[in-house]
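Peer 1:
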Amino acid sequence: MTETSRPLSARNRLILAVDTSTIDEARRIIDELSDYVGVFKIGLQMLMSEGPQVLKVFQDKDLKVFFDGKFLDIPNTVAMATEAVARVGVDMLTVHASGGKKMMEASVKAARSGAAAVGKQEPIILGVTVLTSLNKAELNDELRVPGSVSDQVLHLAKLCQSSGLTGIVASPEEVSQIRAVVGAGIALVTPGVRPKWAATNDQSRIMTPADAIKSGADYLVIGRPITAASDPRDAAKRILEEMEQGVAAAL
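Each number in our numbering comes from the position in the sequence shown (counting from 1) with 1017 added on.
Here it is, written out as structure tokens:
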């Protein structure tokens, strides 16, 4: 894998979900946790509350930004949105793999041209496979997708790779299977990670930080176990220690 897709330290592999609505709160999180977090994930809650300028709050501190927009639309619309985000200069962004190959290929091309136009590094484009909040019954009965969750995840993971995406988002339960299928040249980003001492909240397919790393995840996305903790810095340090255990076990 490249250095970008396979970071070395636990800190650089930890993505913090910044699920807040104000720039002031984002600044507080940065001040409190930037020593322990390698990438900060900004989603629709923050974007809709404060607008694109919130990204600059992180960039001004020379922090890596993951824009979690989860684009899903016709290829042209997703391409234009991806190019706009790439011009802003983020390190990662997401598209839904269920949008199909043409949509993902358009996103890859647009990210490359958008970043090149302003002299920025091309972002890692991550394909979202099956949301970690979904279980087999919901996948089969509500979405009318037959088979197991892992079957659908693996199918979409292969589609992501063939479409030229440089990363895949999937729950830790499927990480080892995905790695076996796609090889070492693509970044695997894993939400649904919960230390044993934290609440599961609305996640259905979860794993501890150490086990997720051992299974082959490159990056772990963690939010509430850190941000909602009584001592967020201590929670982050404990999670990094668990991640280091996973790194050591995987060597």
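Idealized CB from N, CA, C, for every residue including glycine.
1) Unbroken beta strand (DSSP E) runs of length 3 or more, entirely within the segment 1060–1136: which are they?
2) Note down the Cα distance separating residue 1055 from residue 1029, rounded to an integer number of angstroms.
3) I need the straight-line Cα distance from residue 1093 to residue 1202, nearest angstrom please.
4) Have a look at residue 1145 and residue 1248 and give me their C-alpha separation to the nearest angstrom.
5) Helix, strand or coil for residue 1032 per DSSP?
6) Whole angstroms are fine: how far does the CA of residue 1076 sit from the CA of residue 1158?
7) Could you tell me the alpha carbon to alpha carbon distance between residue 1124 and residue 1199, rounded to whole angstroms?
8) Considering only the beta carbon of each residue, do residue 1283 and residue 1137 sit closer than 8 Å?
9) Thinking residue 1116 and residue 1082 are a contact (beta carbons under 8 Å), I'd like their distance in whole angstroms, please.
10) Using C-beta distances below 6 Å, list every residue in its chain close to residue 1099, excluding the 5 sequence neighbours before and after it, in chain order.
11) Please report how far the alpha carbon of residue 1225 lies from the alpha carbon of residue 1182, in whole angstroms.
12) Please confirm whether residue 1189 and residue 1259 have their CB atoms less than 8 Å apart.
13) Pull up the CB-CB distance for residue 1014 and residue 1061, whole angstroms please, since I reckon it's below 8 Å.
14) Do you know how far the Cα of residue 1268 is from the Cα of residue 1169?
15) Is residue 1236 closer than 8 Å to residue 1204 when the C-beta atoms are compared?
16) So, using beta-carbon positions, are residue 1059 and residue 1108 closer together than 8 Å?
17) Where does residue 1220 sit, in a helix, a strand or coil, going by DSSP?
18) Assuming residue 1234 and residue 1176 are in contact, meaning their beta carbons sit under 8 Å apart, how far apart are those beta carbons, in whole angstroms?
Peer 2: According to the structure data:
1) 1081–1088 and 1109–1113
2) 4 Å
3) 27 Å
4) 31 Å
5) strand
6) 43 Å
7) 20 Å
8) This structure cannot settle anything about residue 1283, because the visible part of the chain is limited to 1018 through 1268.
9) Actually they do not touch by this definition, with Cβ atoms about 22 Å apart.
10) 1124, 1127 and 1128
11) 26 Å
12) no
13) Outside the displayed span of the chain (1018 to 1268) sits residue 1014, for which this structure offers no information.
14) 29 Å
15) yes
16) no
17) Note that residue 1220 has pLDDT 49, beneath the 50 cutoff, so the model's placement of it is unreliable and no number is given.
18) Actually they do not touch by this definition, with Cβ atoms about 20 Å apart.
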